[in-house]
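Here's the structure, in structure tokens; my notes come after.
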Amino acid sequence: MGELVLASNTSHKLYEFTQQDLEKKKVLFVHRGVSFGRFVLFVSDGKHYVSALLEVMAQDPYLQAENNTGLMVQRGGVSNVTSAHLSVLTNLDIRDPQEVTFEVFIPPKHGTLCFNHGDGATAAGAVIVFTQRDLAEGRLAYRHDGGDKLSDVFNVTARAREQSTDRRLVRGRRAVHLDIGVTVKVYLESHQRPPTVITNRPVVVGEGQNVSISREQLEVFHEDSPPSEITFVVRRPPSLGFLHKSLPNSRRQHHSKPGKQQNFYQNLPEQETTTFTQEDLNQGKVFYHQKAAGSTNDSVLLEATNGVTKVGPIRLEIDVVPLLLPLQVTDLTLDEGSSLSLTSDIIKVKSHHFSGMNFLYQVIVPPRHGHLEHSRIPGMPITAFTHTEVEREYISYIHDGSDTQADSFTVVANQTEIRKQSQPCVVHVNITPVNDEMPVVAANKGLKVWVGSVTEITVQELSAEDPDTPAEGLEFVVTPPTNGHLALKSAPSRHILNFTQHHVESRQLLFVHSGALSGGFHFQVNDGVNFAPREIFSTTAQSLVLTLQTNRPLEVYPGSITPISSWHLQAVTNDFNGIRRNQSVVFTVTSPPKLGRLVRRLPDNSTQNVSMFTQSMVNHGVILYDQKKPESVGWSAADSFSFMVSSPPTVLPPHTFTILISYQANEHQNSLPQRTRLLTNAGAVVPEGGRVVIDGSKLDASNLLQEIPESHRKSHHIQYRLVSLPQYGTLSVRAKSLSRNQPDFSQADVSRFGITYAHDDSETMSDSFTFLAWAAPSSLSSSPPSSSAFSSDSSPRSSMYSASSASLSSFDVAPPPNGVVEKFNITVMPVNDQPPLVRSRTPSMKVVVGERVILGPENLQVEDHDTPPEELHYLVISKPNNGYLTLGERPEPVTSLPSMTSTTAGCTSHKQGEPSTGVFYFNITDGHHRPLYRLFHLEVVKPSVSMVNNTGLSLVQGRTAVVLTTNQLAAQTNGQVPASITYTVTAHPCHGRIAINDQEVATFGHQDLQYGRVVYHMTDLSESEDSFQVMASASSAGVDYGNVTEQTVNVTVRPLIHLREPVRVPSGITVKLGKAMIDASELARISRANPVFEVLSPPKHGKLVKVKLFI
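Taking the UniProt record's numbering, the leading residue of the sequence shown gets 1, the next gets one more, and so forth.
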């Protein structure tokens, strides 16, 4: 829509200019085309950059009056006319004030316009034409003719014409004009004397009402100025209302008198006025509107002027008559049980508008701990009194003597003559307590304790009361007890001879027994003033006997969670009536179970491990044994834990609690009606890789024949069919394998020959197989019974050993109505037949000089499939020569390490000194095989820092900044101790800068990169790439990591072009490249320019042709 050019040479386009050029008006904008546009400016101080958007809106030429204040001249005098009185404003290219002319077309009637020569003399001739420069330099003057007329006016036509430097535009120069009327005010010599304030009285207005301000409240006079020329200017408006001037045609002007209050506040517009005249006051046109409630005083600050001189400031006070009586009360303070007279300083109506009036005070809420009374009627509470009675001090507050520290009553003031009342006010009474009550011993029951115990004394055994003394002020003074001593919980061994009631109530007082079985102490209670009679507190001790009454084995089903009840475990004491127990019976586990864990059930049904529990927890069934690894116990196993029982001061020696883990456990039988439907299904135990014969003592289903009628039993026998085979072994009968194709065998096979199970020597702890057993006719021995074979018992049989439906479907066998499907469990006894193996090819570890490093599985990986990690042991044969090994956090060197600690808790190797290489020789053993010997290499390296990430920065074209993070630049040290990494910019970018918080920096930290505080700002947007160099260094306490130098970080500008890949075109056909294939619209929008594509590498099998469009 145009361009920036040099003002002195419009053919010279500007792309760069300074602030000084703007101030000297050297920059010119030449408009062409559309009427609105904008362009981006980049402003720089040589270091920092900021962008700005300059909007340009073209308008038609105009000429406006910038100043037209009029003139003031003394009668017969001369006054200069300057640009402060008259000036114009235009949007034309006016560079010289001489180009703006003023032509007088109506001259002044009572004076003349003339030129001032600067020496006080004026030209005699009247001026018809003058310029803006004449006004700016003060060469134009107005001379009054000395007549009686005190006002004048003249009219001029302002003309402006564009003076273009382009010769081609001379004919097209634009011109505008504007007619302006200039008023002249003539004043007399007396007008220079300030006006006089004749009247300034407070304005009285009712709260929430309005009042007109008249000359009776405010009048300013000047001898030669009429009231209409005396103007009041509001310098500070009122704070509780506002001033309003009524319009000339307002009905209020005809119906209201000046100085009279009005009640039509709601109908008045809340439009404040800031100026009015004395004539407005005389006519009652100025109103004050009171708005704020609960306030009594307001004011307005005015300044009065006659147009020449002024007087002020004038403070006009506004007195607000409150709508409610302003009742004011103060607090009372008196001693407990005394009285205090009410005076006018305590209760009064504070306002001069109501002075001399008698008010009636009504007590709407009486005091709770006292009463108000008249001195002439003592003892009788009153609920009303007058202000005259208050002034004569007839009314008093009488406290009832109770142990209270505060009271209050609420009063309301009334004045019936003016029909006003006050808001309710609360009179607060502060009572100073008087200690006049005797302390009383409320409880003295004595104490029964166990021998040698530490027992708490509570308020049930010993307590004192005092209505006017707090618990902290009631002190017990005692004699030394004869069979022990008194102490506080904070120091049980420190003897005390005095304590307070607060110690007893907060359960801090203890009696520590020692010596005789019976005794006591004398005590006396006081509140600091009064003393209670002396009394005796007796203490009696009994011997505590703790007995472990029950310790029965707990039967647990494998994999279950079983509660330990009082039937299994119970400890009792010889409790006596009257002896209070401070602590219950506590079980402390000294050796936990190995095949499970002890847990406590929480209220939300979750569990947590416990090593200590009470008898109460056992009684409530919240202590459980969790057998969480059924595969580790086989068919049956035994577990136990050791514990100690205590009930201070008695402790029992350690005991052992036995846990029997078995599939025949009572807990399982309690949860299910019947464990097995067969006569015997006991399972078997086999050594790892061995064999076991399953005979009739382990598997017998002959009881199923009892369900066959007796007359048919001899023609039936027991038949088995495998439903699922064992996973880790094989079954065979008389050297013939049982398989999917041959799954049947009989009870006779089991009883005579037995079923042989052969384990596959895998590292497993258990196995099983599922079978179907039924009573089959001898003639149909291989077929399962049908559902209608017998009518005596057609109900299906099931047990917890039954196979799932998925297992049954493996052989397509469904349980018949009179058949039983069960699982036969096999426990595999592990055999340690595999030695430990070192999986690490070269056990080694790198340690930085002076550091401690954990030795873990990544350094030394050892496997042993048949030995748990805690049973693998390491023995260091030769110690390392460049450090030493420690266990955990202990500082002393070790030579024997358990595997679990080595791989998880960690061994550390450290040594202060120079980098070196060393080894230590060690062996590994599982206790069954020969030790395995290996070398472990320890390399102590020098602390160093290295660059681990330097991918460079990518900046989208059109953008000026990109954040530098650890994804683009990162360094790290080779040590385990945290170090502070610092990056120093050794070579700054050529076309940008590195900044934090918009401040250019030369150094930044690793945390700055992590939190995204480092930003690269590109200052030259014409460049496509940039780079800078950094040096990374690290430091920590007493460690020198060195540095990494000459790390170049490349900055690449990615073109803001969207390409469609791939572009498919038919062979030999000309295809137009459109925005669907290559699009730079986003770049055009940001730059507000038409992007130009430059072909850097032409196509190999075609060419690009620019086609001209013909219209």
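We put the CB at the ideal spot given by N, CA and C, even for glycine.
Keep in mind that this is a model prediction, so the values were computed, not measured.
Selection from the options that minimises the alpha carbon distance to residue i
{"i": "D639", "options": "V585, P558 and S751", "result": "P558"}
{"i": "T275", "options": "A292, G307, D298 and L327", "result": "G307"}
{"i": "S566", "options": "G1042, H244, F657 and V1065", "result": "F657"}
{"i": "S762", "options": "N949, T607, I346 and V828", "result": "V828"}
{"i": "R75", "options": "H144, V27, Q59 and R38", "result": "H144"}
{"i": "Y62", "options": "S44, L41 and V88", "result": "V88"}
{"i": "V220", "options": "P238, N200 and S239", "result": "N200"}
{"i": "G574", "options": "L731, S647 and P989", "result": "Residue identity check: residue 574 is Asn in the sequence provided, not Gly. Of the listed residues, the one whose Cα sits closest to N574 is S647."}
{"i": "L486", "options": "E456, Q627 and S606", "result": "E456"}
{"i": "T539", "options": "E461, G528, H502 and R139", "result": "E461"}
{"i": "E707", "options": "N967, H716 and V589", "result": "H716"}
{"i": "N703", "options": "F1004, W774 and F753", "result": "W774"}
{"i": "F42", "options": "V34, L53 and R32", "result": "L53"}
Span separating the alpha-carbon of residue i from that of residue j
{"i": "Q19", "j": "Q132", "result": "26 Å"}
{"i": "T951", "j": "V1053", "result": "14 Å"}
{"i": "L1009", "j": "P1098", "result": "41 Å"}
{"i": "M617", "j": "I623", "result": "6 Å"}
{"i": "Q719", "j": "H568", "result": "42 Å"}
{"i": "F499", "j": "L342", "result": "44 Å"}
{"i": "residue 1149", "j": "F537", "result": "This structure gives no information on residue 1149, because the portion of the chain shown stretches from 1 to 1111."}
{"i": "V1063", "j": "K1100", "result": "15 Å"}
{"i": "R252", "j": "S246", "result": "Caution applies to R252, whose pLDDT of 44 falls short of 50 and renders its modelled position unreliable; the value that the coordinates give is listed next. R252 and S246: Cα-Cα distance of roughly 8 Å."}
{"i": "V848", "j": "D998", "result": "39 Å"}
{"i": "V831", "j": "H759", "result": "12 Å"}
{"i": "Q727", "j": "V940", "result": "51 Å"}
{"i": "R934", "j": "G683", "result": "44 Å"}
{"i": "residue 1134", "j": "P654", "result": "Any answer about residue 1134 is impossible in this case: the structure gives the chain only from 1 up to 1111."}
{"i": "L316", "j": "S79", "result": "36 Å"}
{"i": "N666", "j": "S611", "result": "Low confidence applies to N666: its pLDDT is 45, below 50, so where it sits in the model is not reliable enough to give any reading."}
{"i": "T764", "j": "V945", "result": "49 Å"}
{"i": "N530", "j": "R368", "result": "28 Å"}
{"i": "S805", "j": "R721", "result": "Because S805 sits at a pLDDT of 34, beneath the cut-off of 50, its placement in the model cannot be relied upon, and the following sentence gives the value as read from the coordinates. Computed Cα separation, rounded: 16 Å."}
{"i": "G46", "j": "A292", "result": "57 Å"}
C-beta atoms of residue i and residue j nearer than 8 Å
{"i": "V451", "j": "Q524", "result": "no"}
{"i": "D864", "j": "L872", "result": "yes"}
{"i": "I398", "j": "V286", "result": "no"}
{"i": "T101", "j": "A84", "result": "no"}
{"i": "H522", "j": "N483", "result": "no"}
{"i": "S1027", "j": "V1044", "result": "no"}
Below-8 Å beta-carbon distance, residue i vs any chain D residue
{"i": "G337", "result": "Judged by its chain identifiers, the structure shown contains no chain D, having just a single protein chain."}
Three-state secondary structure assigned by DSSP to residue i
{"i": "P563", "result": "strand"}
{"i": "S809", "result": "Unreliable placement is indicated for S809, whose pLDDT of 38 sits below 50; no coordinate value is reported for it."}
{"i": "H244", "result": "strand"}
{"i": "G473", "result": "helix"}
{"i": "K714", "result": "helix"}
{"i": "N430", "result": "strand"}
{"i": "I1086", "result": "helix"}
{"i": "F359", "result": "coil"}
{"i": "D21", "result": "helix"}
{"i": "L1009", "result": "helix"}
{"i": "E317", "result": "strand"}
{"i": "Q271", "result": "coil"}
{"i": "S844", "result": "strand"}
{"i": "Q742", "result": "coil"}
{"i": "residue 1130", "result": "Nothing in the structure corresponds to residue 1130, since the chain is present only between 1 and 1111."}
contact_flag[the segment 1068 to 1088, the segment 971 to 985] where n(CB pairs < 8 Å) is 3 or more: no
Is the number of C-beta pairs between the segment 405 to 421 and the segment 353 to 363 that are closer than 8 Å three or more? yes
Would the segment 295 to 315 and the segment 225 to 239 be scored as touching if the rule is three or more Cβ pairs under 8 Å? yes
Given 8 Å, three or more beta-carbon pairs between the segment 52 to 67 and the segment 88 to 99: yes
Stretch-stretch touch, CB-based, cutoff 8 Å, three pairs: the segment 377 to 385 with the segment 321 to 335: no
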